[in-house]
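Residue numbers (the numbering used here): 423 to 606. Even for Gly, the Cβ is constructed at its ideal location relative to N, Cα and C. Reading through the C-alpha cells given below for one structure.
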Ligand code: 5GP
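This is the structure in C-alpha cells:
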C-alpha cells in the first residue's frame with residue numbers, strides 16, 4: 423500500500439481516490455454515536471459488529487456512545503475480491519442471549535443488502551426487544567434486498583471503496599479515511 427500527495431492510495435494493481443478524510447469520518451461517526459445516545463442511552467444496548475470490515479467503525483462508534491453498552495462480534499461473509507460472491511455464511515456466531523435485548527447491528531457497508539437481510543432474520547428469530555441497524559456506508563443503487571437501516575454514515579456511489587476497516591484483497595483496512603476505486 424502506498425499513498426501519494428494527490429490523495430490517492432495504491433493497493434496491489436488498483437488505485438483509489440480519497441472520498442472521505444479521517445476528519446470527515448470522525449465527525450460523522452461522532453454524530454452517529456450522539457444520535458444513538460439519544461435513543462439508546464438507558465437501554466444497555468448490545469452492539470453486534472459484523473466482522474471483519476466493521477471492527478474499526480464499531481470501535482469508534484461505541485466510544486462515541488455515552489451510556490452502558492455491551493459489544494459482541496459475528497463473522498459472516500458474502501464478498502470475494504471486488505464483487506459479491508452471492509452467498510452468506512455464518513462463520514462465527516454470538517454466544518450471548520439476545521432475548522429481550524436492544525440490539526444495535528454495526529455494519530461497515532450495505533451493498534446488495536444480502537448480508538444484513540440474512541443477519542436481520544437470524545436475529546429476529548432470537549426474540550430481541552429491538553433491532554437497530556447502523557451502517558457506516560451504503561450504496562443505494564446496489565440494493566437488492568431491502569433491509570431497514572436506521573442510521574447511515576454516508577450514502578455513496580456504486581463503486582468499490584477501501585479504508586476505515588474495508589479491505590481490498592486483505593489490504594487497506596488500516597487506512598484512516600475512505601478511498602474510492604479509480605475505474606480505468
Ligand atoms: P452485501 O451483502 O450488502 O452485498 O455486502 C456487504 C459486504 O460486502 C460488506 O460487509 C463488505 O464486507 C462487502 N463490501 C460491499 N461493498 C464493498 C466495497 O465497496 N468495498 C469493500 N472493501 N467491501 C465491500
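Check: What separation, rounded to the nearest whole angstrom, lies between the Cα atoms of residue 587 and residue 594?
Finding: Stepping through the chain shown from its first residue, residue 587 is reached at position 165. Stepping through the chain shown from its first residue, residue 594 is reached at position 172. Rounded to the nearest angstrom, the two C-alpha atoms are 7 Å apart.
Item checked: Straight-line gap, residue 596 to residue 458 (C-alpha atoms, nearest Å) -> Reading the chain shown from its first residue, position 174 is the one you call residue 596. Reading the chain shown from its first residue, position 36 is the one you call residue 458. Their backbone Cα atoms lie some 25 Å apart in a straight line.
Check: Using the C-alpha atoms, what's the distance from residue 522 back to residue 423?
Finding: Numbered from 1 along the chain shown, position 1 holds the residue referred to as residue 423. Numbered from 1 along the chain shown, position 100 holds the residue referred to as residue 522. So the alpha carbons of these two residues sit roughly 44 Å apart.
Check: If we call anything under 8 Å between Cβ atoms a contact, is residue 535 one with residue 569?
Finding: Residue numbering aside, residue 535 sits at position 113 when the chain shown is read from its first letter. Residue numbering aside, residue 569 sits at position 147 when the chain shown is read from its first letter. Yes, Cβ-Cβ distance for residue 535 and residue 569 is below 8 Å.
Check: What are the start and end residues of the alpha helix (DSSP H) that includes residue 536?
Finding: Reading the chain shown from its first residue, position 114 is the one you call residue 536. First-last of the alpha helix (DSSP H) with residue 536: 536-546.
Next item on the list: Check the DSSP bridge columns for residue 440 and list the partner residues they point to.
Entry: Within the chain shown, the letter at position 18 stands for residue 440. Partner(s): 601.
Checklist line | Segment contact, 8 Å Cβ cut-off, at least three pairs: the segment 536-550 with the segment 574-585 | finding: no
Notebook entry, point to check: Which residue from 590, 558, 603 and 591 puts its Cα closest to that of residue 580?
Noted result: On the chain shown, residue 580 is found 158 positions in, with the first residue counted as 1. Comparing Cα-Cα distances from residue 580 to each of 590, 558, 603 and 591, the minimum goes to 603.
Next item on the list: Taking only the alpha-carbon atoms, compute the straight-line gap between residue 461 and residue 527 and give it to the nearest angstrom.
Entry: Numbered from its first residue, the chain shown carries residue 461 at position 39. Numbered from its first residue, the chain shown carries residue 527 at position 105. Cα-Cα distance, rounded: 14 Å.
Next item on the list: Identify, in the order they occur along the chain, each residue of the same chain with its Cβ nearer than 6 Å to the Cβ of residue 464, setting aside the five sequence neighbours on each side.
Entry: Walking along the chain shown from the start, residue 464 turns up at place 42. Cβ-Cβ distances below 6 Å link residue 464 to nothing in the same chain once the five nearest sequence neighbours on each side are left out.
Checklist line | Residues of its chain near residue 494, where Cβ-Cβ distance is below 8 Å and the 5 sequence neighbours each way are ignored | finding: In the chain shown, residue 494 corresponds to position 72, counting from 1. Result list for residue 494: 468, 469, 470, 471, 516, 517 and 518, in chain order.
Next item on the list: Ignore the nearest five residues each way along the sequence and tell me which others in residue 434's own chain have a CB closer than 8 Å to its CB.
Entry: Walking along the chain shown from the start, residue 434 turns up at place 12. Excluding residues within five positions, the ones whose Cβ falls inside 8 Å are 590, 591 and 593.
Check: For residue 487, is the classification buried or exposed, using 16 other Cβ atoms within 10 angstroms of its Cβ as the cut-off for buried?
Finding: On the chain shown, residue 487 is found 65 positions in, with the first residue counted as 1. So residue 487 ends up on the buried side.
Note to self: Can you tell me whether residue 529 sits near ligand 1, meaning its C-beta is under 7 Å from at least one heavy atom of the ligand?
What the structure shows: Taking the first residue of the chain shown as position 1, residue 529 is located at position 107. Correct: residue 529 has its Cβ closer than 7 Å to ligand 1.
Checklist line | Inter-residue CB distance, residue 440 and residue 599 (contact presumed, cutoff 8 Å) | finding: Here residue 440 refers to the residue found at position 18 of the chain shown. Here residue 599 refers to the residue found at position 177 of the chain shown. With 8 Å as the limit, residue 440 and residue 599 qualify as a contact, their Cβ atoms being about 6 Å apart.
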